[in-house]
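**Student:** What follows is a structure written as structure tokens; I'll ask about it next.
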RNA sequence: AGAGAGGUGUCCGAGUGGUUGAAGGAGCACGCCUGGAAAGCGUGUAUACCCGUGAGGGUAUCGAGGGUUCGAAUCCCUUCCUCUCUGCCA
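Residue numbers (full-length UniProt numbering): 1 to 423.
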């Protein structure tokens with residue numbers, strides 16, 4: 001969530017930023033935050049002063065008791081009754097204001113970076129660059145949902161039998177392709193200085209709050225209600241939460257973690273014509289990269305991550321483009337997001353396979369993820385993450401783009417992982 | 001899952017109702033001492049919020065949340081976690 005101090009000090013910028021996101025009543029809402037915060041301070045002052053008085057009387061009583069002046073102690077006790085009741089009232093008032101403020105802050109998205117264009121939808125995103133050759137396929141080209149049947153490598157019907165729609169079963173070379181991609185992505189990440197982690201894929205509520213899935217977005221996650229745990233929608237949640245309530249030293253930066261996990265998304269109400277086959281699933285695999293960065297270095301880190309993700313796509317020989325998301329299309333917690341899309345040649349459309357974001361202090365504030373600077377001050381760190389990469393659409397593009405009459409050619413870089421070069 | 005023990009500051013560890021944000025030790029930082037180092041000595045060493053230009057002051061925090069009390073690290077309740085034994089299990 002946003003820092004109240006930031007809102008106070010950069011009010012105009014914050015309003016303009018939120019307007020870029022089409023956040024309704026930006027100015028009114030931010031004013032309300034400041035008013036509530038002022039009320040909070042007043043309430044705290046009142047409460048603290050009274051509590052201080054009560055504390056000092058209690059100490060007095062303690063001293064009187066020690067020195068055997070029982071009667072005077074009793075007199076002092078009588079005085080405290082009233083104060084106690086008042087403190088309780090003030091305490092409740094304070095808590096209510098604080099709660100209200102917190103809820104309001106939870107409802108406000110991150111302020112976009114200056115360079116983020118205003119815009120309403122994906123149509124307003126900016127194409128930063130396009131790379132790679134779009135293959136020219138014969139007229140008998142097949143979309144991946146046909147190819148997987150033809151070669152019997154991914155079975156949606158079996159998944160329906162076991163679980164339901166959106167839970168495919170990978171078989172034979174399909175399963176091996178999955179495993180090869182995961183290993184390839186992890187190896188590349190390690191080569192690029194990321195340290196590999198294997199986090200839990202069920203997380204508690206605190207973790208959900210830490211990265212911003214909670215409150216309000218619990219509908220997106222599968223929940224194990226008996227234990228109040230959530231199946232992760234992305235490894236961002238457990239990996240970033242590794243650093244919840246942590247105070248780092250400046251020399252700890254940058255922290256670079258990478259991990260593979262399955263991801264689970266309910267995707268309630270988002271089914272339609274464009275989500276056939278592997279395009280949208282309830283369960284899929286993804287390798288995620290996470291960086292914890294010094295605030296001065298986080299945009300460098302973001303560029304770094306973007307270039308790294310692109311290097312994977314180049315090695316997989318997939319045509320891709322990089323988008324800078326507009327305010328209206330960015331995630332709630334992000335300040336700047338690049339989306340990487342690959343071209344899937346049979347569907348003849350671009351598929352998002354990675355989303356790389358800088359959250360600045362928005363997540364760190366919730367996470368209480370801080371660092372001690374040289375001058376011994378504690379400041380919030382910056383968090384970033386990105387997919388590197390999400391498997392299903394990569395698989396879709398590999399299958400579609402490389403189909404030939406003799407079978408589907410595998411990218412060279414995967415062959416050592418696969419043990420075969422063609423499906 | 002059952003029985004028992006326990007969760008205190010960066011770490012170890014004392015503390016069972018009264019100026020305890022918390023003894024003592026270790027570590028770390030700075031200073032003194034030294035030719036240099038070690039030892040020794042001294043000082044300092046949490047987080048959040050609030051008040052104050054500042055020095056400084058206030059409030060809260062001893063796993064978390066409630067309660068009893070004028071006063072709680074200390075008593076009570078709930079909850080989470082760790083350890084030991086038993087059970088179960090990949």
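Don't be surprised by glycine CBs; every beta carbon is placed ideally from N, CA and C.
Taking DSSP as the reference, what is the three-state secondary structure of residue 399?
**Tutor:** One-based indexing of the first chain puts residue 399 at position 399. If DSSP states are grouped into helix, strand and coil, residue 399 belongs with the helices.
**Student:** Given a threshold of 16 other Cβ atoms within 10 Å of its Cβ, counted over all protein chains shown, does residue 366 qualify as buried or as exposed?
**Tutor:** By 1-based counting over the first chain, the position of residue 366 is 366. When all chains shown are included, residue 366 counts as buried.
**Student:** Examine the Cβ distances between the region 298-314 and the region 164-180 and report whether three or more of them are shorter than 8 Å.
**Tutor:** In short, these stretches do not touch, since the Cβ pair count stays below three.
**Student:** Can you list, in chain order, the residues of its chain with a C-beta nearer than 7 Å to that of residue 134? Leave out the 5 residues immediately preceding and following it.
**Tutor:** The residue labelled residue 134 in the question sits at position 134 within the first chain. Excluding residues within five positions, the ones whose Cβ falls inside 7 Å are 319, 343 and 345.
**Student:** Hey, how far is the Cα of residue 195 from the Cα of residue 257?
**Tutor:** Here residue 195 corresponds to residue number 195 of the first chain, with the count starting at 1. Here residue 257 corresponds to residue number 257 of the first chain, with the count starting at 1. If you take the alpha carbons of residue 195 and residue 257, they lie about 5 Å apart.
**Student:** Along the chain, where does the alpha helix (DSSP H) containing residue 207 start, and where does it finish?
**Tutor:** Looking up residue 207 in the first chain gives position 207. Residues 205-211.
**Student:** When you compare only the Cα positions, how much space is there between residue 207 and residue 172?
**Tutor:** Residue numbering aside, residue 207 sits at position 207 when the first chain is read from its first letter. Residue numbering aside, residue 172 sits at position 172 when the first chain is read from its first letter. Residue 207 and residue 172: Cα-Cα distance of roughly 36 Å.
**Student:** Going by DSSP, name the residue or residues bridged to residue 387.
**Tutor:** Locating residue 387 in the first chain gives position 387, counting from the first residue. Answer by DSSP bridge pairing, in chain order: 288.
**Student:** What did DSSP end up calling residue 49 once you bin it into helix, strand or coil?
**Tutor:** As a working note, residue 49 is residue 49 in the first chain. Here residue 49 sits in helix by DSSP.
**Student:** Whether or not the region 201-219 and the region 347-363 are in contact is what I'm after, with contact meaning three or more pairs of Cβ atoms, one per stretch, closer than 8 Å; do they touch?
**Tutor:** Contact holds: three or more Cβ-Cβ distances are below 8 Å.
**Student:** Would DSSP call residue 308 helix, strand or coil?
**Tutor:** Here residue 308 is taken as the residue at index 308 of the first chain, counted from 1. Helix.
**Student:** What residue range does the beta strand (DSSP E) around residue 225 cover?
**Tutor:** Locating residue 225 in the first chain gives position 225, where the first residue counts as 1. Here residue 225 belongs to no beta strand (DSSP E), and DSSP marks it neither H nor E.
**Student:** Residues in the same chain with beta-carbon distance under 6 Å from residue 39, minus the five sequence neighbours each way, listed in chain order, please.
**Tutor:** Within the first chain, numbered from 1, the residue matching residue 39 stands at position 39. So the qualifying residues of the chain are 97.
**Student:** Roughly how many angstroms separate the alpha carbons of residue 121 and residue 331, rounded to a whole number?
**Tutor:** Along the first chain, one-based indexing puts residue 121 at 121. Along the first chain, one-based indexing puts residue 331 at 331. Taking the straight line from one Cα to the other gives about 12 Å.
**Student:** Below 9 Å between beta carbons: does that hold for residue 329 and residue 119?
**Tutor:** Residue mapping note: residue 329 aligns to position 329 of the first chain, counting from 1. Residue mapping note: residue 119 aligns to position 119 of the first chain, counting from 1. Yes, these two residues count as a Cβ contact at 9 Å.
**Student:** Please look up how many angstroms separate the CB atoms of residue 282 and residue 303, rounded, as I've assumed it's under 8 Å.
**Tutor:** Here residue 282 refers to the residue found at position 282 when the first chain is read from its first residue. Here residue 303 refers to the residue found at position 303 when the first chain is read from its first residue. Wrong, their Cβ atoms sit about 33 Å apart, outside the cutoff.
**Student:** Using three-state DSSP, classify residue 322 as helix, strand or coil.
**Tutor:** For this step, residue 322 is matched to residue 322 along the first chain. Strand.
**Student:** For residue 262, count neighbouring C-beta atoms within 10 Å of its own C-beta (all shown protein chains included) and say buried if the count is 16 or more, exposed if not.
**Tutor:** Locating residue 262 in the first chain gives position 262, where the first residue counts as 1. Its Cβ having fewer than 16 others within 10 Å, residue 262 is exposed.
**Student:** Spell out the partners DSSP gives residue 258 in its beta bridges.
**Tutor:** Position 258 of the first chain holds residue 258. Beta-bridge pairing links residue 258 to 196 and 289.
**Student:** To the nearest angstrom, report how far apart residue 259 and residue 316 are at their CA atoms.
**Tutor:** Within the first chain, numbered from 1, the residue matching residue 259 stands at position 259. Within the first chain, numbered from 1, the residue matching residue 316 stands at position 316. Using only the alpha carbons, I get a separation of about 19 Å.
**Student:** Among 60, 85, 160 and 393, which has the Cα closest to the Cα of residue 73?
**Tutor:** Start at 1 with the first residue of the first chain, and residue 73 comes out as number 73. Among 60, 85, 160 and 393, the Cα nearest to that of residue 73 belongs to 60.
**Student:** Mind checking whether residue 242 and residue 372 have CB atoms under 9 Å apart?
**Tutor:** For the purposes of this step, residue 242 is taken as residue 242 along the first chain, with counting starting at 1. For the purposes of this step, residue 372 is taken as residue 372 along the first chain, with counting starting at 1. Contact flag unset, no.
**Student:** Can the beta-carbon of residue 184 be found less than 9 Å from the beta-carbon of residue 413?
**Tutor:** To locate residue 184, count along the first chain from 1; it is residue 184. To locate residue 413, count along the first chain from 1; it is residue 413. The answer is yes: Cβ separation under 9 Å.
**Student:** For residue 169 and residue 219, what's the separation of their Cα atoms in angstroms?
**Tutor:** For the purposes of this step, residue 169 is taken as residue 169 along the first chain, with counting starting at 1. For the purposes of this step, residue 219 is taken as residue 219 along the first chain, with counting starting at 1. If I take the Cα positions, the gap works out to 25 Å.
**Student:** Going residue by residue through the region 11-84, where are the continuous alpha helix (DSSP H) segments of at least 4 residues, counting only ones entirely within it?
**Tutor:** Complete alpha helix (DSSP H) runs here, min 4: 11-20 and 26-66.
**Student:** For residue 382, which beta-bridge partners are listed by DSSP?
**Tutor:** Position 382 of the first chain holds residue 382. 293.
**Student:** Give the DSSP bridge partners of residue 407, in chain order.
**Tutor:** Locating residue 407 in the first chain gives position 407, where the first residue counts as 1. In DSSP, residue 407 forms a bridge with 404.
**Student:** Taking just the CA atoms, how far does residue 205 sit from residue 141?
**Tutor:** Looking up residue 141 in the first chain gives position 141. Looking up residue 205 in the first chain gives position 205. Cα to Cα, the separation comes out at about 46 Å.
**Student:** Check whether the region 351-361 and the region 380-390 touch, using three or more Cβ-Cβ pairs below 8 Å as the test.
**Tutor:** At 8 Å Cβ cutoff, the stretches touch.
**Student:** Do you know whose CA, among 161, 253 and 348, lies nearest residue 430's CA?
**Tutor:** This structure leaves residue 430 out entirely; the chain is present only between 1 and 423.
**Student:** Looking only at C-alpha atoms, which of 422, 417 and 423 sits nearest to residue 187?
**Tutor:** Here residue 187 is taken as the residue at index 187 of the first chain, counted from 1. Among 422, 417 and 423, the Cα nearest to that of residue 187 is on 417.
**Student:** Do three or more CB pairs link the region 99-117 to the region 74-83 at distances below 8 Å?
**Tutor:** Output reads no: the region 74-83 does not touch the region 99-117.
**Student:** Identify, in the order they occur along the chain, each residue of the same chain with its Cβ nearer than 8 Å to the Cβ of residue 233, setting aside the five sequence neighbours on each side.
**Tutor:** Stepping through the first chain from its first residue, residue 233 is reached at position 233. So the list reads 213, 220, 221, 263, 264 and 265, once near-sequence residues are dropped.
**Student:** Compare the beta carbon distance of residue 131 and residue 8 with 9 Å and say whether it is the shorter of the two.
**Tutor:** Taking the first chain and counting its residues from 1, the one referred to as residue 131 is at position 131. Taking the first chain and counting its residues from 1, the one referred to as residue 8 is at position 8. No, they are not a contact pair.
**Student:** Which complete beta strand (DSSP E) runs does the region 112-187 hold, if anything under 3 residues is left out?
**Tutor:** Complete beta strand (DSSP E) runs here, min 3: 126-131.
**Student:** Between residue 62 and residue 56, what straight-line distance do the alpha-carbon atoms span, to the nearest angstrom?
**Tutor:** Your numbering for residue 62 matches position 62 in the first chain. Your numbering for residue 56 matches position 56 in the first chain. Going from the Cα of residue 62 to the Cα of residue 56 covers about 10 Å.
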